[in-house]
Amino acid sequence: MEQRNLGKSGLRVSVIGLGCNNFGGRIDLEATRKVVHKALDHVSPLAVPVMLEIGRESVYGEASEQLLAEAEADLVNEAMR
């Protein structure tokens with residue numbers, strides 16, 4: 008499994024990727040939210056440090072980026088509660 012440095016902390020973490028090419032194309036906002044939440048649910052309980060890398064490619068299109076931004080905003084709002 009690929010590992011990377013977590014900022015300048017000196018901590019090495021495993022990387023899990025989430026491709027977002029279907030967001031805004033094959034799946035709508037509600038499904039995008041479910042995918043993002045499910046990915047985080049799988050990463051959270053792991054005993055080892057893990058970085059969830061969310062694929063953001065310009066070729067995925069503006070709709071993909073917009074839905075991902077809305078799903079991420081939901082997560083921030085939940086964390087602030």
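Residue numbers for the sequence shown, in my numbering: 8 to 88. Think of the CB as a built atom: it goes at the ideal place given N, C-alpha and C, for glycine as much as any other residue.
CB-CB length for residue i against residue j, believed under 8 Å
{"i": "A78", "j": "V43", "result": "4 Å"}
Rounded C-alpha distance that separates residue i from residue j
{"i": "L36", "j": "G17", "result": "36 Å"}
{"i": "E9", "j": "E69", "result": "29 Å"}
{"i": "C27", "j": "V50", "result": "17 Å"}
{"i": "E31", "j": "Q73", "result": "A quick correction: the sequence has Gly, not Glu, at residue 31. Approximately 8 Å between the Cα atoms of the pair."}
{"i": "S71", "j": "N29", "result": "7 Å"}
Residues of its chain near residue i, where Cβ-Cβ distance is below 7 Å and the 5 sequence neighbours each way are ignored
{"i": "D81", "result": "R40"}
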